[in-house]
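The block underneath contains the structure these notes are about, expressed in structure tokens.
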Amino acid sequence: MVLFERIPHAVLRETNDWGIRVLDLASPPRRLWGSQAALPAPVRTHIDPYQTQPYPLPGALLTAPLSDGDTWSAMSKRSLARFEAFFLVAEDPQRRLDTREVVTLAHQVSLVRHIIDTPGRRRVLIGDEVGLGKTVVAGLIIQELLAANPGLRVLYLAPARLVANVGREFKRLSLFFREWKSQDGDARLETDSRIIASIHRAVHPNHFDRLLQSRPWDLIVVDECHHLSAWGDGGVDPVRKYRLVRDLVSAQSAESRVLLLSGTPHQAHAARFDNLLRLLQLPGESQDAAAGRVIYRTKEDVRDWDGNPLFPRRQVNPPIVVDLDPDHRSWLADIHGFFQPHPIPGSQAVQRAAGWKCAQALQWAASSPNAGLGYLVRQSLRAGWTLEQAPLAEAIAALRPYRSGAPDEPVESVYGRLVAEIGRQASDDDVEDIEENVDELSSDVDHGALASLIRQGIKLVRSPRQLKWERLWRDVLQPAGREKIVLFAQPIETVLALALWLQNKTGQRPAIIMGGQTDADRDREVARFKDATGPQFLISSRAGGEGINLQFSRRLVHLDVPWNPMEMEQRVGRVHRFGSRETILVDTIVVRDSRETQAWSVARERLTAIAQTLVAPDRFETVFSRVMCLIPPEELQTVLINSAASPLADNEVQRLSSLVESGFRDWQNFHDRYAANQRQIREQPAGLARWRHVSDFLTHYGGAEKAPGIARTRFVQRDGLVETVDQSADVLKLSDGSLCFVGDFDGGLFTGQSSNLVGPLGLNLPPVAELLRTCASPASPTGAAHLRWGDDQTQLRSRLGHEVIILAFVRQTFRLDSIGGIHEVGTELAAYVVGQDQTSLLPPEDRIGLFDMSRLATVRVRPVESPLFVRAVAEELRLINELRRPSEEDIKQGLRYAVWPILALHLSA
């Protein structure tokens, strides 16, 4: 070690530069600088040795003369403080002890460490279930990579509706990205290095080539990657989104990274999933290599920092079956006859598209008369109708109020907005709560038949009878009392129809989430719903199925049943996520004799028979949801579109039963194949540092004081009920006067004196980081300590011996990249016991004991002579060389080590 610019540095490498001896010096670990934006370079290269001063090693300091004015007592205390500072940063590899605006959980930070520290994880698919915080994981990975290399180019591709949400989450992590989207975007592809981009906009013909021509990206993140579709085996028949990502990835360097994120990655289509895996393969690799880069964990798999479950259970109630008016049933049959696909010559894609168009028509019309009418109106607009063609103007008038418009908005205005909406969907695909446009099909229609369907729809919309809403109120909403309830429907028109009905019923307008809202509008609606005095109900269209967090509510109602089961799971994931405290209650409204009602019944019966000996009863609903997500939507659609109503034919029941069986097998195989990685992730070392160590360090060396009289309100579950409990809060008053809670800060409520000022504690807080830095890197010679065993250390003394010397080191790990750069990737603490005859590694439980030395042992005024001193000096040099030496595998991975000898502790009776 040497002193350079008055700061201790570790020698990473000594080289000969054209006959001149130069040093590469490792700066102190970057965590000692906390959250400072400006950090010293991790390595100072080509330093002239004459610019440095020798910094004595701790072993030599045990017997070295003291500097003028120094004492052995002061030296020992400085040395113990230095050890404790390094202990805190080195024994917290998952950064549990840092503070962030976003609450970080054990399963998230362990995954970050797994991806960054494990060789061969530069391309990863994170397929954790909905609600486990994949966006936060991606942000933490980006945060760490940028801390090591601020110049990285990062492209985050997300569906248009999620761009702003990701941006908000990143800002809470102090990650500042520009956004590239159709509205309000400020990113410049040519010059910006950190961009969150709408993938819908990126694949538009006007932008596709422009994005591919940008400079290669060091990290590409693709959110909701299940939307990337390549239908054919071997990656053939790709849609534009898949082609875009494939080509962006192929342009990356070998050092670059790819993160694919999805809560439902399999999508029940083997070829599509295999083609996602192809994006994880490096040139020349097999698919098996890519399989090891799939991370899949369920809510049951993850635990909090103390090993407790994070999520409550889910209770799915039997469906509530409602009747439809005879006129509504007749309308459904006519819509089915109008849209039912006939054999179409051409590609499979055309056949799939025709089936999907029929499926959407039936789903929209079953959801509500308003939704069915809205579907038909948009079909007429796509066919070129104008307001002069009856009955279009009358139909548009019946749909008012449309979105945020007024009930008396001029028909011409609504017509213009509908046309613009259809155009925006075609160009940017960011309108989520109208039917998907099917480009592959001709827009030619039977205009007379379509007009007849529209007239039937107008009549139903104007009917005063609303059997569905009345049954919903009687069986679900009214019995719930004042509980907050989230209701989901696919179409925007169903959302608006129910919102108007509830407003008339209760006198209060529900909160509404729908497509076309600004980010501020959506945030305002969620805030209204969350407020205790705000609306009891939040109604969302399909636009809210991803990207909103509503875990403060435990009740969810499906107002309709999507034919893609994954959409139902996405909905429930809005409330069943981290922060949920009570059993999640799910209700579903279904239409009597509808095909989907019987299909779901057949599927449940079949899965019950298959899984009764393999799945615990309390896990059935979770497994049912996962199995249904693994049934190919197009296969389910094929069964459902054969008729507008029940019953299913025998061959259809048999086909559906077969789909459930294969879905169950797929779920078992997927879980068995990809859940194995979770054990490796869970075994990521959490380190030995805990919150009590932080508290002890700050009170002992930083002048922090306990702040009495503050309580914390927590929620605990007892006998199936959630209760509030007030517990005394461990709060410190730091040297700068700030009040900090000692523990994992997850937004608990504080009461008592100055409770409104309590914030989180963390090693990266400026006053804490400054104290760590001061203790870890003193300018005065530091590292030797002479102590007498304390009375409370009998067990440790019996294990280690009556007289020993303990040598402690911090090993700092660096990674070399292919262009000559070097980045710090971590630190680890090692300690050794030097006895008379041997040197042994100190086990983890005894390293914890070292942290308490300053409080349990007695600092000697002057050292006692010992024959161990000479041996300790030799062992220290040997261990430094041993710890610095990389293995062959380390060298292949580009890893190098700098070693910091931080303590030589002489313990005797």
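Everything in the sequence shown is counted per this note's numbering, starting at 1 for the first residue and increasing by one.
Ideal Cβ placement from N, Cα and C applies to all residues, glycine included.
In this text the structure is predicted, and so the values were computed from the model without any measurement.
For Gln379, the enclosing alpha helix (DSSP H) stretches over residues 369–382. Residue nearest to Gln213 within the set Ile196, Ala147, Val166, Val245 is Val245 (criterion: CA-CA distance). Counting the other Cβ atoms within 10 Å of the Cβ of Asn756 gives fewer than 16, which makes it exposed. Here His336 carries a helix assignment [DSSP, helix/strand/coil]. The shortest CA-to-CA distance from Leu162 to any of Phe311, Gly516, Arg595 is the one to Gly516. Taking a 10 Å sphere around the C-beta of Ile819, we find fewer than 16 other C-beta atoms and assign the residue as exposed. Sequence-distant Cβ neighbours of Ala290 in its own chain, meaning closer than 6 Å and more than five residues away, are Leu277, Leu280, Gln281.
In the DSSP assignment, Ala499 falls within the unbroken alpha helix (DSSP H) covering 492–506. Ala10 and Val899 do touch by the CB rule: their CB atoms are close to 6 Å apart, below 8 Å.
In the three-state scheme derived from DSSP, where H, G and I count as helix and E and B as strand, Ser908 is classed as strand. Where Ala197 is concerned, the enclosing beta strand (DSSP E) starts and stops at 194–198.
With at least 16 other beta carbons inside 10 angstroms of its own, Ser777 counts as buried. With a threshold of 16 other beta carbon atoms within 10 Å, Ala511 meets it and is buried. Gln678 sits away from Ser110, with the two beta carbons spaced by 7 Å or more. Here DSSP, grouped into helix, strand and coil, assigns Asp587 to strand. Here the alpha carbon of His700 sits roughly 9 Å from the alpha carbon of Ser854. Secondary structure within the stretch 827–854: the alpha helix (DSSP H) runs of 4 or more consecutive residues, fully enclosed, are 844–851 (chain order). With a contact defined as Cβ atoms closer than 8 Å, Val742 and Leu761 qualify at about 6 Å.
Taking Val321 as the centre and dropping the five residues before and after it, the same chain places the C-beta of Val590, Arg592 closer than 6 Å to its C-beta, in chain order. Residue burial annotation: Lys134 is buried, with at least 16 other C-beta atoms found within 10 angstroms of its C-beta. Taking the Cβ atoms as the reference, Phe537 lies roughly 32 Å from Leu607, outside the contact range of under 8 Å. In this structure, the beta-carbon distance from Glu435 to Tyr375 falls below 7 Å. With contacts defined as CB atoms closer than 7 Å, Lys181 and Arg194 fail to qualify as a contacting pair. When beta bridges are read from the DSSP output, His558 appears opposite Phe488, Thr588.
Between the alpha carbons of Arg815 and Trp305 lies a gap of roughly 29 Å. According to the DSSP secondary-structure assignment, Asp70 is paired through a beta bridge with no residue. If the five residues before and after Phe624 are omitted, its C-beta is found closer than 6 Å to the C-beta atoms of Leu607, all from its own chain and listed in chain order. Per DSSP, the unbroken beta strand (DSSP E) holding Ile513 starts and ends at 511–513.
Relative to the Cα of Gln490, the nearest Cα in the group Lys484, Leu500, Gly783, Met514 belongs to Met514. For Leu155, the CB contacts under 8 Å within the same chain, skipping 5 residues up- and downstream, are Ile195, Ala197, Trp217, Leu219, Ile220, Val221, Leu248 in chain order. Annotation: Gln812 to Tyr897 spans about 6 Å, alpha carbon to alpha carbon. As DSSP reads the structure, Asp672 sits in no beta bridge.
The beta strand (DSSP E) runs lying completely inside the stretch 292–336 and spanning 3 residues or more are 314–316, 320–322, given in chain order. The shortest CA-to-CA distance from Asp128 to any of Pro150, Thr264, Glu5 is the one to Thr264. Annotation: Ile492 to Arg400 spans about 12 Å, alpha carbon to alpha carbon. Distance from Pro863 to His786 at the Cβ level is roughly 4 Å; contact confirmed, criterion being Cβ atoms closer than 8 Å.
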